[in-house]
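Protein chains: 2
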Amino acid sequence: MAMGRPRAFDADAALDQAMEVFWRHGYEGATIAQLTDAMGINPPSLYAAFGSKEGLLKAALDRYSAKRACWLEQIVSAPTAREVAERILMGTADTQTDPANPPGCLLVQGGLACGTGSENVPFELAAHRAQTENQLRDRFIRARAEGDLKETADPAALARYLSAVIAGMGVMASSGADREALRQVAAVSLKAFEEQSNS
Amino acid sequence: MAMGRPRAFDADAALDQAMEVFWRHGYEGATIAQLTDAMGINPPSLYAAFGSKEGLLKAALDRYSAKRACWLEQIVSAPTAREVAERILMGTADTQTDPANPPGCLLVQGGLACGTGSENVPFELAAHRAQTENQLRDRFIRARAEGDLKETADPAALARYLSAVIAGMGVMASSGADREALRQVAAVSLKAFEEQSNS
DNA sequence: TCACATTTGTAGCGCTCACTACAATTCTGG
DNA sequence: CCAGAATTGTAGTGAGCGCTACAAATGTGA
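Just so you know, the sequences run in chain order V and W. Start counting the first sequence at 1; every next residue gets the next number (my numbering). Start counting the second sequence at 1001; every next residue gets the next number (my numbering).
Spelled out as structure tokens, the structure:
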């Protein structure tokens, strides 16, 4: 048996470039030509490795989520629910205005509404956003069990709330809001949290 | 002088239909064929009346904002800042899940990131979103002057916060969140407000 | 009634899109 | 060193995009 010509590009590095293009232009706004240019490969290589434009997006989303997972681990390991909220809100304000990346969040700007033939792209993004919300909810359930959140607090509602604020910050960042503006939003959001907290 | 053949369609009614298409599919996802079908006219009529696809979007956005303006007037006429916040949050939860419209908000799903040639579409949407934020800010400045908000409260930050939460609710609604979920978010958001309020 | 101004419907323009056929290239197993 | 397997670069493919030329239709003013 022969094993064939080896791939001449690094799939993860190429995915990082594709991620940035989707992030900046959205799924429908990103063209194959832009993607292949950024990835430094030709269309046949792209299709051999990822199957389709949508397949490439899914791979990029998985990579995005994988990177994000470590970051989230750090955040939910904070000692109290209030501190989890503070870290994720302030952290979001910083990462969404990090000049190393396009402004905002790939999971928001990637595409909330798409044309015929790409109807499942928005669902795909939503599924990834839900990961964060679920992780927060689980953390807050634990926080309530530990007496760290009031008995009357609703962990799922709090997680959903943070998820909404984070998405909203992404919308603001995508239209040019600066870091200070996002931190202000984070600071106000946090006040809603302190009311539910025992710490 | 002759006045020419009169237009055979109602521009506002046609704009309502176009608005819905942009709302559901986003700017780039909406095709001229879908738009003309929904509007009940042919392409030349569309281009004679609105100039271009982007011109049509702007007209649809203006109409969207005009309708929204009355609604907002009602809201900022509430007696206290806290009640303004409650009305706009709960009202948003309802309108963004109104089955008469596509879910979410046109100013969010219309297009946060677009491809080459449509770079100003996201800015256009952002400008319309800013109208709401400015109106809220002005209302909160007044509220603080009236002693209705604490002296330490920052009207601009509060308006920005509400604007972010509303955008975040739009993101959630676009991916299928139901009315109850949005109301939960609204309820939690409101707690951040009560802390700044004297009523 | 007739010249003129404007809209309408038909048909199709050039262009770019996502995607691929194909042959040359580059590797491994024997 | 060669046969086979996989990737690479070139050069397109058909389809759908935003948009428009053109002639027929429909109104107004003189």
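Every residue gets a Cβ at the ideal spot worked out from N, C-alpha and C, and that includes glycine.
Residue i and residue j closer than 7 Å at C-beta
i	j	result
W/A1173	W/P1103	yes
W/G1170	V/H25	no
W/A1164	V/V185	yes
W/G1168	V/A167	yes
V/F193	V/R63	no
W/V1021	V/A157	no
V/L15	V/A60	yes
W/G1029	V/A18	no
V/Y27	V/L57	yes
V/L162	V/A93	no
V/I32	V/F9	no
W/K1053	V/E195	no
W/T1036	W/P1044	no
V/W23	V/L106	yes
Three-way DSSP call (helix, strand, coil) for residue i in this model
i	result
W/T1189	According to the sequence shown, residue 1189 of chain W is Ser rather than Thr. W/S1189: helix per DSSP, three-state reduction.
V/L89	helix
W/S1197	strand
W/L1106	helix
W/L958	A question about residue 958 of chain W goes unanswered here, because the residues of chain W that appear run from 1001 up to 1199.
V/L112	coil
W/N1120	helix
W/R1142	helix
V/D94	helix
V/S77	coil
V/R129	helix
V/R7	coil
Any non-hydrogen atom of the ligand GTP closer than 6 Å to residue i Cβ
i	result
W/P1043	The ligand GTP is not among the ligands present in this structure, which contains no ligands whatsoever.
| message | So within the stretch 1010 to 1062 of chain W, which uninterrupted alpha helix (DSSP H) runs reach at least 4 residues, ignoring any that extend past its ends? | response | Entirely contained in the stretch 1010 to 1062 of chain W, the alpha helix (DSSP H) runs reaching 4 residues are, in chain order, 1011 to 1029, 1032 to 1039 and 1043 to 1050.
| said: Please identify, using Cβ separations under 9 Å, the residues of the stretch 42 to 72 of chain V that lie next to chain W, in order along the chain. | reply: Listed in chain order, the positions of the stretch 42 to 72 of chain V with a beta carbon within less than 9 Å of a beta carbon of chain W would be empty, since no residue qualifies.
| request: Decide yes or no for the touch test of the stretch 1134 to 1152 of chain W against the stretch 93 to 103 of chain V: beta carbon pairs closer than 8 Å, at least 3 of them. | output: Because the criterion of three Cβ pairs below 8 Å is not met, the stretch 1134 to 1152 of chain W and the stretch 93 to 103 of chain V do not touch.
| Interface positions of the stretch 112 to 137 of chain V facing chain W (Cβ-Cβ less than 8 Å), listed along the chain | Of all residues in the stretch 112 to 137 of chain V, L112, A113, C114, G115, T116, S118, P122, F123, L125, A126 and R129 have a Cβ within less than 8 Å of some Cβ in chain W.
| query | Which residues, taken in chain order from the stretch 1015 to 1032 of chain W, show a beta carbon closer than 8 Å to some beta carbon of chain V? | reply | Those residues of the stretch 1015 to 1032 of chain W that come within reach of chain V (Cβ to Cβ, closer than 8 Å) are W1023, R1024, H1025, G1026, E1028, G1029, A1030 and T1031.
| How about the stretch 1117 to 1135 of chain W and the stretch 132 to 141 of chain V: do they share at least three Cβ pairs that are nearer than 8 Å? | Taking 8 Å as the limit for Cβ pairs, the verdict is that the stretch 132 to 141 of chain V does not touch the stretch 1117 to 1135 of chain W.
| message | To be precise: take each residue of the stretch 184 to 197 of chain V, compare its Cβ to all Cβ atoms of chain W, and keep it if any distance is under 7 Å. Which residues remain? | response | Hits within the stretch, in order: Q184, V185, V188, S189, K191, A192 and E195.
| message | What are the residues in the stretch 1158 to 1176 of chain W lying within 8 Å of chain V by C-beta distance? | response | Those residues of the stretch 1158 to 1176 of chain W that come within reach of chain V (Cβ to Cβ, closer than 8 Å) are L1158, R1160, Y1161, S1163, A1164, V1165, I1166, A1167, G1168, M1169, G1170, V1171, M1172, S1174, S1175 and G1176.
| task | Starting from the N-terminal side, write out each stretch of the alpha helix (DSSP H) that is 4 residues or longer and does not extend beyond the stretch 1146 to 1179 of chain W. | result | Complete alpha helix (DSSP H) runs here, min 4: 1155 to 1174.
| query | Of the residues that make up the stretch 1081 to 1104 of chain W, which ones have a beta carbon closer than 9 Å to any beta carbon in chain V? | reply | When CB distances to chain V are screened at a threshold of 9 Å, the residues of the stretch 1081 to 1104 of chain W falling below it are P1102 and G1104, in chain order.
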